[in-house]
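Number of protein chains: 4
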Amino acid sequence: MTATYQGIIPPMITPLLERDTLDEAGLERVIERMIAGGVAGIFPLGTTGEAPSLSYRLRRELIEKTSRIVKGRVPILVGITDTSLVESARLAREAADFGVDAVVTSAPFYFPAGQPELREYLEQLLPELPIPLMLYNMPALTKTVFQQGIIEWAIDQEQIIGLKDSSGDLVYFKKMRRLAASPRPDWSFLVGPEELLGEAILMGGHGGVNGGANLFPRLYVDLYEAAKSGNLEQVRIFSERIFALSSELYSVGKYGSAIIKGIKCALSLLGVCDDFMAAPFHRFHESERERIAEILERHAVPS
Amino acid sequence: MTATYQGIIPPMITPLLERDTLDEAGLERVIERMIAGGVAGIFPLGTTGEAPSLSYRLRRELIEKTSRIVKGRVPILVGITDTSLVESARLAREAADFGVDAVVTSAPFYFPAGQPELREYLEQLLPELPIPLMLYNMPALTKTVFQQGIIEWAIDQEQIIGLKDSSGDLVYFKKMRRLAASPRPDWSFLVGPEELLGEAILMGGHGGVNGGANLFPRLYVDLYEAAKSGNLEQVRIFSERIFALSSELYSVGKYGSAIIKGIKCALSLLGVCDDFMAAPFHRFHESERERIAEILERHAVPS
Amino acid sequence: MTATYQGIIPPMITPLLERDTLDEAGLERVIERMIAGGVAGIFPLGTTGEAPSLSYRLRRELIEKTSRIVKGRVPILVGITDTSLVESARLAREAADFGVDAVVTSAPFYFPAGQPELREYLEQLLPELPIPLMLYNMPALTKTVFQQGIIEWAIDQEQIIGLKDSSGDLVYFKKMRRLAASPRPDWSFLVGPEELLGEAILMGGHGGVNGGANLFPRLYVDLYEAAKSGNLEQVRIFSERIFALSSELYSVGKYGSAIIKGIKCALSLLGVCDDFMAAPFHRFHESERERIAEILERHAVPS
Amino acid sequence: MTATYQGIIPPMITPLLERDTLDEAGLERVIERMIAGGVAGIFPLGTTGEAPSLSYRLRRELIEKTSRIVKGRVPILVGITDTSLVESARLAREAADFGVDAVVTSAPFYFPAGQPELREYLEQLLPELPIPLMLYNMPALTKTVFQQGIIEWAIDQEQIIGLKDSSGDLVYFKKMRRLAASPRPDWSFLVGPEELLGEAILMGGHGGVNGGANLFPRLYVDLYEAAKSGNLEQVRIFSERIFALSSELYSVGKYGSAIIKGIKCALSLLGVCDDFMAAPFHRFHESERERIAEILERHAVPS
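Residue numbers (the numbering used here), protein chains in the order written: chain D, -15 to 287; chain R, -15 to 287; chain C, -15 to 287; chain F, -15 to 287.
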């Protein structure tokens, strides 16, 4: 038995035309670009998808249209992270109705739950979910870590099928990976920060949920495959390419929003989709856009 | 001209019978208890009201019923803090339709906005609001402070009418209070932590938004009035009474949820309302409930 | 029985001519200025005194010369905070030999000790101290809080005589003050941040250890006395004066060093002492110095 | 040109008999054990060496005796991290007099320096150092990161020869490694957390400064060599062995001190040296010691 999800599953950006208005044509191009790039799945409504900033109406619309465009060619995992269990559960049911394969949740993120409270939260959520659940460790934004005890419990729940770790803490990743190895060979361990993708795969991870794969999916798939096959030389080459690109592309803006802004701006420059962002963020100004254009040109990554 | 809101405006707990079900009879008793206790307003859907944990449907129901019960006897300020501007704005419009007096927002709390982003967020939110806005500084849960530059800008916006500060940082409170003093004598400065209520009023604050005032409103009103009239002897007596009570009542549970759990449990013991809590929290177990009962009995605060 | 130390006990800056060289004439003027201003004691080698940045040789020299200049006119409390218990104990013995009245220690600040470890640390330190000890809560710099359990234990130790709290958390201050009230009326509760001096004294604190009292000791003594006698009107006036001054004086520089730099620069402009600072800090550049001069002139506080 | 330091350079524990008393015989056995295990150098007075907890007298004694025992067989790098530049510089001169090869400093750790202040600090320190300097990034304990700007400056300083990174943030490690690659091929990049040793070497790091190498030096040297030669299979085996051991050995105690306590206790059980610890820590109690003994026995790592 092997991990259910393996490979690159990009946390899809949400193409918007304006506030609360989806860029449908852009969405189709984003999805086709990723599928053409060899991704192993698509993950809408994650952090890169600005999910918490979107209205529930738009989230539903996005799930529905993503599902229609993908048409089963790759699995879809939908983020349902919320502060309200009722809303999380409703979104999960709607996602299931649209044929989505799995849902993904982080910890509820207004009140920082104690670990026993977090476990109870998951215990209450599970029966509401018609499809499998993947956990999403994102303490920088949720204030709450899925600690070892929770993961040990989760490994015993058939309905929970893996962990996406965006903590940036590779020691945590490896520790949790070890816990599941023998009892749950079907669990998928996916890593968030693209700068750690190579290492995570080399050390037994199953894939990456990397924002940059919205932009250059093939590059991330190449790194994944090099690492999976143990080709160190290629891992170094592709890692360096990603590092060189992302270290420039994500540092044009200030604040934590720089990464999503950089990706959306680059996609807009490449003619893929609009770069409108949901509040509290906004698209880059012209001067920043020019710097992104210059970076893209200099790196000339084939899509 | 004086501050619009002065006195105790309790952050109302949300009485629940079970998940997504309001305890209507309890709600009425909670509200009547507060009004009888002399409060200057009621603030549903704040942190103590577990707002982020509630479904939007329930939030609307709560606003509607609160409004019907209060019937204009005191002002109602409704929390609209959200991660999605679209949802915040919708809730504000609904609140206005139900005759609410003002809305209250903290920073969007999944993505930590940079200060310029936070200001743009407010600039976009203001035109959507049919009623005045109060800011709510709650960095421990939102990760974002309303820093001096934002407050200086907000003082220039007629539509923004004050600041509720739950940071626990009295230096911040005094600093912001000084900024508004001369240009905006109508601004209300309300303090969150009840352990600082006396000091905040003595130093020019206008009122308190204190969780414990759900339980013993008169005690908080007494402290407010003593402080407002500069009666130091009485300030010390009432402060000590609140401190003695709250330091026990809020430390029965572990984790940050101990305060809300303690208040709801005490209200339940007093026959006011049910103590069901929205996920990720849950009501106290029997042993904790017995400790709360013992504390209540020992302190014997007249409601 | 009343608290041993009451009033303003400035955390004395360390006047330096250059690296590892005391400004002796400046030291004398600083001390005489404080004593003339009515201070109730002097606290060399605290945070404002840049103690951790000084060589041990200089620390000894400073204690010796401070002791000679003060000549018993006011008590001297010497900071012995260190990462090494052996060095702390040695400094305490030397301080006692020079006739110092008490020593002050925060938590050891490289390794963050668990609370039981912190208690054992104090248990090992006490027998090494020939004079009484005051605790100093400074978690922003030491990473470790003296939590309630430690304070409860400390109240039982005759040799420990009080707490200086620089956390800025007035709820903590009030909570610890309540614990000692009845068993140890001799304990002194001194507050660090000068912006909270008035409130802390009004609520039962015994004094302040405020950096600004190096500069304008009389102003802080005035506030202390107004608060002690319950004169709210005067408390507001003096508080506002301190706030107005400090909010400008301490915000000329960036980084946490802005406060000490501001005080030393102002003292230098007033002809009291040199403003050389120990590494990793350095005195203000000319442009910053001019801003400090302008602030001093505008406020024209009589020394 | 290649990196000056390559391989495993254990951060040597400081064997103590009691407070301020070196365990000389233990020291000799610890050093011989490491050299026999194939280490590429020895690093006394780091975090694992409890340096900040030791008196200066003992630090000098330790340098002298370490130097005598090592007799030039491997390089010695001595930690001089301090809050006082004067004391750091003095220790560096003494270390140079004893024939030490290089010194290592983290940021001064009481006052958190701004980045320009940190750079000035290093600029002032460099002329005082008779031997080369390695930087040591340890933000969890010093509160200050050596950010990119500092590292870029440091790469231009001939006297600075590398970076030891104990942040646990492999993205930071890789980012800094990239900066130095071309201008300073002689720079050494050493990684702290042993759980990341394999990955760090695979991705271009030059060695590890890993606490566990006090105990089982050969195991860490084996992992280093496997990673250096790109033998992924062996990297996984040795990584797993280290992970399995350390995840148990370092989690017997609570608090951050658990790692050093675990290593010293294990060395004591193996008859290598005493496990006395400097305040604020203390050796394990008997029950914890028994658990360490059980773990050692179960893993049966050959030294």
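Ideal placement from N, C-alpha and C gives every residue a C-beta, glycine not left out.
No experiment lies behind these values; they were computed from the predicted model shown.
{"Check": "Contact with chain C by R:V205, beta-carbon distance below 7 Å", "Outcome": "no"}
{"Check": "Cβ of D:G63 within 7 Å of any chain R Cβ", "Outcome": "no"}
{"Check": "Helix, strand or coil at D:S198 according to DSSP, with G and I counted as helix", "Outcome": "The residue asked about is misnamed: residue 198 of chain D is Asn in this sequence, not Ser. Three-state result, D:N198: helix."}
{"Check": "Segment contact flag, the segment 147 to 157 of chain C with the segment 207 to 224 of chain R, C-beta cutoff 8 Å, min 3 pairs", "Outcome": "no"}
{"Check": "Under 9 Å from the C-beta of D:D149: neighbouring residues of chain F", "Outcome": "Ordered by position in chain F, no residue passes the 9 Å Cβ test against D:D149, which lies about 13 Å from the chain."}
{"Check": "Option in C:E16, C:I247 and C:D4 with minimal Cα separation from C:R44", "Outcome": "C:D4"}
{"Check": "Chain-ordered residues of the segment 213 to 229 of chain D with a beta carbon less than 9 Å from chain F", "Outcome": "G214, L216, E217, V219, R220, S223, E224, F227 and A228"}
{"Check": "Whole-Å CB distance - D:P(-6) paired with D:I19, under 8 Å assumed", "Outcome": "Not confirmed; about 10 Å, so no contact."}
{"Check": "C-alpha gap between D:E8 and R:F93, whole angstroms", "Outcome": "28 Å"}
{"Check": "Beta-bridge pairing of R:K148 - partner residues as DSSP gives them", "Outcome": "R:Y120 and R:L174"}
{"Check": "8 Å contact criterion, which C:F265 and C:S230 should meet: CB distance rounded", "Outcome": "Rounded, the Cβ-Cβ distance is 19 Å, inconsistent with contact."}
{"Check": "Under 7 Å between C-beta atoms of F:A262 and F:L1", "Outcome": "no"}
{"Check": "Runs of alpha helix (DSSP H) wholly within the segment 240 to 274 of chain F (minimum 4 residues, chain order)", "Outcome": "242 to 253"}
{"Check": "R:V180 versus R:W137 - alpha carbon distance", "Outcome": "The residue asked about is misnamed: residue 180 of chain R is Leu in this sequence, not Val. Rounded to the nearest angstrom, the two C-alpha atoms are 26 Å apart."}
{"Check": "The segment 96 to 105 of chain R / the segment 45 to 57 of chain R touching (three or more Cβ pairs under 8 Å)", "Outcome": "no"}
{"Check": "Per-residue contacts from D:M187 into chain F (C-beta, under 8 Å)", "Outcome": "G182, E183, R220 and S223"}
{"Check": "Under 7 Å (Cβ pairs) to chain R, residues found in the segment 94 to 114 of chain D", "Outcome": "Y94, F95, P96, A97, G98, E101, L102, E104, Y105 and Q108"}
{"Check": "Inter-stretch contact at 8 Å, needing at least 3 Cβ pairs: the segment 181 to 189 of chain D / the segment 202 to 211 of chain F", "Outcome": "no"}
{"Check": "Residues near R:K248 in its chain [Cβ-Cβ closer than 6 Å; skip 5 each side]", "Outcome": "I(-3) and D259"}
{"Check": "Pairwise C-alpha distance: D:I115 and F:L174", "Outcome": "45 Å"}
{"Check": "Residue-chain proximity (F:V155, chain D), Cβ-Cβ < 7 Å", "Outcome": "yes"}
{"Check": "Distance between C:I(-8) and C:G191 (C-alpha atoms, nearest Å)", "Outcome": "5 Å"}
{"Check": "Identity of the residue in R:F268, R:S252 and R:I276 nearest R:R13 by Cα", "Outcome": "R:S252"}
{"Check": "Closest Cα partner of R:L29 within the set R:V193, R:E281, R:I134 and R:C257", "Outcome": "R:V193"}
{"Check": "Among D:K238, D:E272, D:R162 and D:I145, the one whose alpha carbon lies nearest that of D:L117", "Outcome": "D:I145"}
{"Check": "Contacting positions in the segment 232 to 246 of chain C - beta carbon closer than 8 Å to chain E", "Outcome": "Of the chains in the structure shown, none is chain E; the protein chains are D, R, C and F."}
{"Check": "Contacting residues, own chain, Cβ-Cβ under 6 Å from F:D66 (five flanking each side not counted)", "Outcome": "S72"}
{"Check": "Boundaries (first-last residue) of the alpha helix (DSSP H) holding F:E2", "Outcome": "Run containing F:E2: none in the alpha helix (DSSP H); it sits in the beta strand (DSSP E), L0 to E2."}
{"Check": "Contacts of F:E179 in chain D (Cβ-Cβ under 9 Å)", "Outcome": "L154, V155, K158 and K159"}
{"Check": "Rounded Cβ spacing between D:V62 and D:V23 (contact assumed at less than 8 Å)", "Outcome": "Not confirmed; about 15 Å, so no contact."}
{"Check": "Cβ neighbours of C:S223 in the same chain (closer than 7 Å, five flanking residues each side left out)", "Outcome": "G182 and L207"}
{"Check": "Cβ-based contacts, 8 Å cut-off: residues of the segment 252 to 272 of chain C near chain F", "Outcome": "A262, A263, P264, F265 and H266"}
{"Check": "Cutoff 8 Å; reference F:R57; Cβ partners in own chain excluding five residues on either side", "Outcome": "I19"}
{"Check": "For R:G191: DSSP bridge partner residues", "Outcome": "R:G(-9) and R:L174"}
{"Check": "Minimum Cβ-Cβ distance from R:V14 to chain D less than 7 Å", "Outcome": "no"}
{"Check": "Selection from D:D140, D:A124 and D:V129 that minimises the alpha carbon distance to D:L110", "Outcome": "D:D140"}
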